[in-house]
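Visitor: Those protein sequence lines, which keep their order, are chains A and B. Residue numbers are given in full-length UniProt numbering: position 1 of the first sequence equals residue 1, and the series is strictly consecutive. Residue numbers are given in full-length UniProt numbering: position 30 of the second sequence equals residue 30, and the series is strictly consecutive.
Protein chains: 2
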Amino acid sequence: MGAVVMHNVVSVDGFIADSKDQVGPLFDWYSNGDAEIGVNDKVSVSEVSAEYVRPMWAGIGAMVIGRHLFDITNGWEGSPPAGEHVVVVSHRLRPEGWHPEASYYFVDDVARAVAKARELAGDRTVAVAAGEVGGQALALGVVDEVAMDVVPVVFGSGKRYFGPVDAQHLLEDPHVVIQGDRVLHLRYKVRR
Amino acid sequence: MGAVVMHNVVSVDGFIADSKDQVGPLFDWYSNGDAEIGVNDKVSVSEVSAEYVRPMWAGIGAMVIGRHLFDITNGWEGSPPAGEHVVVVSHRLRPEGWHPEASYYFVDDVARAVAKARELAGDRTVAVAAGEVGGQALALGVVDEVAMDVVPVVFGSGKRYFGPVDAQHLLEDPHVVIQGDRVLHLRYKVRR
Numbered sequence: 001m002g003a004v005v006m007h008n009v010v011s012v013d014g015f016i017a018d019s020k021d022q023v024g025p026l027f028d029w030y031s032n033g034d035a036e037i038g039v040n041d042k043v044s045v046s047e048v049s050a051e052y053v054r055p056m057w058a059g060i061g062a063m064v065i066g067r068h069l070f071d072i073t074n075g076w077e078g079s080p081p082a083g084e085h086v087v088v089v090s091h092r093l094r095p096e097g098w099h100p101e102a103s104y105y106f107v108d109d110v111a112r113a114v115a116k117a118r119e120l121a122g123d124r125t126v127a128v129a130a131g132e133v134g135g136q137a138l139a140l141g142v143v144d145e146v147a148m149d150v151v152p153v154v155f156g157s158g159k160r161y162f163g164p165v166d167a168q169h170l171l172e173d174p175h176v177v178i179q180g181d182r183v184l185h186l187r188y189k190v191r192r
Numbered sequence: 001m002g003a004v005v006m007h008n009v010v011s012v013d014g015f016i017a018d019s020k021d022q023v024g025p026l027f028d029w030y031s032n033g034d035a036e037i038g039v040n041d042k043v044s045v046s047e048v049s050a051e052y053v054r055p056m057w058a059g060i061g062a063m064v065i066g067r068h069l070f071d072i073t074n075g076w077e078g079s080p081p082a083g084e085h086v087v088v089v090s091h092r093l094r095p096e097g098w099h100p101e102a103s104y105y106f107v108d109d110v111a112r113a114v115a116k117a118r119e120l121a122g123d124r125t126v127a128v129a130a131g132e133v134g135g136q137a138l139a140l141g142v143v144d145e146v147a148m149d150v151v152p153v154v155f156g157s158g159k160r161y162f163g164p165v166d167a168q169h170l171l172e173d174p175h176v177v178i179q180g181d182r183v184l185h186l187r188y189k190v191r192r
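1. Taking 8 angstroms as the threshold, find out whether the stretch 77-93 of chain A comes into contact with the stretch 55-67 of chain A through three or more Cβ pairs.
2. Determine whether the beta carbon atoms of residue 11/B and residue 154/B lie at a separation below 8 angstroms.
3. Does the CB of residue 12/A have a neighbour CB from chain B at under 8 angstroms?
4. When you compare each of 15/B, 5/B, 2/B and 3/B to residue 164/B by their alpha carbons, which one comes out closest?
5. For a cutoff of 8 angstroms on Cβ pairs, would you count residue 24/B as touching chain A?
6. Going by CA-CA distance only, name the one from 166/B, 99/B and 5/B that's closest to residue 56/B.
7. Please report the distance separating the alpha-carbon of residue 143/A from that of residue 96/A.
8. Which term fits residue 29/A, buried or exposed, when burial requires 16 or more other beta carbons within 10 angstroms of its beta carbon?
9. Between 126/A, 46/A and 2/A, which lies nearest to residue 185/A when the distance is taken from Cα to Cα?
10. Based on the DSSP secondary-structure assignment, which residues constitute the bridge partners of residue 125/B?
11. What residues from the stretch 163-188 of chain B come within 8 angstroms of chain A, judged by C-beta to C-beta, listed N to C?
12. Spatial neighbours of residue 75/B within its chain, please: C-beta separation below 8 angstroms, excluding the five flanking residues on both sides.
13. Can you tell me the Cα-Cα spacing of residue 137/A and residue 49/B, whole angstroms?
14. Going by CA-CA distance only, name the one from 168/B, 70/B, 123/B and 84/B that's closest to residue 141/B.
15. Scan the stretch 144-164 of chain B for residues whose Cβ lies nearer than 8 angstroms to a Cβ of chain A and list them as they occur along the chain.
16. Residue ranges of each alpha helix (DSSP H) run of no fewer than 4 residues wholly in the stretch 66-100 of chain A, ordered along the chain?
17. For residue 148/A, which residues from the same chain have a beta carbon less than 6 angstroms from its beta carbon, with the 5 sequence-adjacent residues on both sides left out?
18. Starting from the N-terminal side, write out each stretch of the alpha helix (DSSP H) that is 4 residues or longer and does not extend beyond the stretch 117-176 of chain B.
19. Measuring CA to CA, which of 128/B, 36/B and 110/B is closest to residue 8/B?
20. What's the gap between the Cα of residue 120/A and the Cα of residue 34/A?
21. In the DSSP assignment, find the unbroken beta strand (DSSP E) run with residue 106/B in it and report its ends.
22. Please classify residue 44/B: does DSSP put it in a helix, a strand, or coil?
23. The beta strand (DSSP E) that contains residue 1/B, what's its start and end?
24. In terms of alpha-carbon separation, which member of 21/A, 72/A and 83/A lies closest to residue 58/A?
25. When you compare only the Cα positions, how much space is there between residue 42/B and residue 51/B?
26. Give me the DSSP bridge partner(s) of residue 179/B.
27. Any idea if residue 160/A is buried or exposed, counting beta-carbon neighbours within 10 angstroms, 16 or more meaning buried?
28. Who are the Cβ neighbours of residue 178/A in its own chain at under 6 angstroms, not counting the five residues just before and after it?
29. Classify residue 116/B: buried if its beta carbon has 16 or more other beta carbons within 10 angstroms, exposed otherwise.
30. Can you tell me the Cα-Cα spacing of residue 17/B and residue 94/A, whole angstroms?
31. Comparing C-alpha positions only, which one of 130/A, 145/A, 68/A and 122/A sits nearest to residue 191/A?
32. Consult DSSP for residue 9/A and reduce its assignment to one of helix, strand or coil.
33. Just the C-alpha distance for residue 199/A and residue 92/A, rounded to the nearest angstrom, thanks.
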């Protein structure tokens, strides 16, 4: 089976957006270079970031996201930014008539959502959005790796990368430490 | 003048201790190697960490700390872990009879405390403890660099590296990215 990777861009103090969902300078590195990454033609990053991001995004089979992210993006209109399948953690059902062609599933429990995504992804990676859903998944012990694209900005407050986590979890030393332009790519395995 | 460097060991989610001041695994790297760093014989780190830490600690002339850290360490009994001078941000005065030989100063305002430390340090570095005091200093614009020794652990809650900071502050890309054993040394200049 593929790995379950919690992922997001994050400030040096652990925030993925401010309290109003604004990402401010966190996404600047997505457009500060000339290198394309293949899956999204609005993204054009530095070559060093592209070398890291390209295989990571290409390896994603399914994403797990929260209902909030689904709602604010309208589910990317049925075209996920990576992979072919999206599992939305939500107590509410799929909106009636919403992109019937899209491989989106609505599951009301984080553990079951991750299990469904693993089934859909097969050998490929399951990317779990950090924040509420990612934090719950980590606390449940179903996350294999934590990928943080750390942007050199202090946020001070906002929405936390680790969401509701309220206990200590050890990680391995990072097996990825790559310095891009306005982003430091880090990736840690969760210690078992 | 020397630089003013905010510094601490920190979890991947930005905490420097839990809510009861316990550092848990954050300090493991201080004793997981064979290399001494010269200023504190209880510290014995990996060689790669020692090469970074030795000149940094040797370059410190004065420290700025909060009253809370002073109280829980009893001011390191008058022997600061680095440098010769300590400025304590406190509304209360120096405890009567406490180590009269020690070069410790008690100042009730963060900006004045940093100014006093710069005067004492001369050309050497002023190290400002992260947390309440460091966060206030950053917000006041008197911090030149942010040094984070990032330990691969999620804390979930506790005392924040950036303390009371509640606004965005841009940093430069890190000019130090050094991977030790159970610690990633990062150092950023504050963008002006």
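Glycine included, each C-beta is placed from N, C-alpha and C at the ideal position.
Guide: By the coordinates alone:
1. A contact exists between the stretch 77-93 of chain A and the stretch 55-67 of chain A.
2. Yes, the Cβ-Cβ distance between residue 11/B and residue 154/B is below 8 angstroms.
3. Chain B contact via Cβ: present.
4. If we check each option's Cα against that of residue 164/B, 15/B comes out closest.
5. For residue 24/B, the nearest beta carbon of chain A is closer than 8 angstroms to its own beta carbon.
6. Taking only the C-alpha atoms, the option nearest residue 56/B is 5/B.
7. The straight-line gap from Cα to Cα measures roughly 31 angstroms.
8. Under a 10 Å Cβ-count criterion, residue 29/A is classified as buried, with 16 or more other Cβ atoms of the shown protein chains found around its own Cβ.
9. Checked all of 126/A, 46/A and 2/A; the closest Cα to residue 185/A is 46/A.
10. Paired residues: 60/B.
11. Going along the stretch 163-188 of chain B in chain order, one finds 165, 166, 167, 168, 169, 170, 171, 172, 173, 174, 177, 179, 181, 182, 184, 186 and 188 with a Cβ nearer than 8 angstroms to chain A.
12. So the qualifying residues of the chain are 86, 88, 98, 99, 102 and 104.
13. About 33 angstroms.
14. Here the closest residue by C-alpha is 168/B.
15. Within the stretch 144-164 of chain B, the residues whose Cβ lies closer than 8 angstroms to some Cβ of chain A are 146, 148, 152, 153, 154, 155, 156, 157, 160, 161 and 162, listed in chain order.
16. The qualifying runs are 67-73.
17. 10 and 186, listed in sequence order.
18. Here the runs fully enclosed are 132-140.
19. Per the Cα distances, 128/B.
20. Approximately 33 angstroms, taken between the alpha carbons.
21. It spans 104-107 - the beta strand (DSSP E) in which residue 106/B sits, taken as one unbroken run.
22. If DSSP states are grouped into helix, strand and coil, residue 44/B belongs with the strands.
23. Run containing residue 1/B: none; DSSP gives neither H nor E here.
24. The shortest C-alpha separation from residue 58/A is found at 83/A.
25. Using only the alpha carbons, I get a separation of about 17 angstroms.
26. 184/B.
27. So residue 160/A counts as buried.
28. Counting only Cβ-Cβ distances below 6 angstroms, and skipping sequence neighbours, we find 52 and 185.
29. Sixteen is the threshold: when 16 or more other Cβ atoms of the shown chains lie within 10 Å of the Cβ of residue 116/B, as they do, the residue is buried.
30. If I take the Cα positions, the gap works out to 42 angstroms.
31. Nearest in C-alpha terms to residue 191/A, of all of 130/A, 145/A, 68/A and 122/A, is 145/A.
32. It is a strand residue.
33. Nothing in the structure corresponds to residue 199/A, since chain A is present only between 1 and 192.
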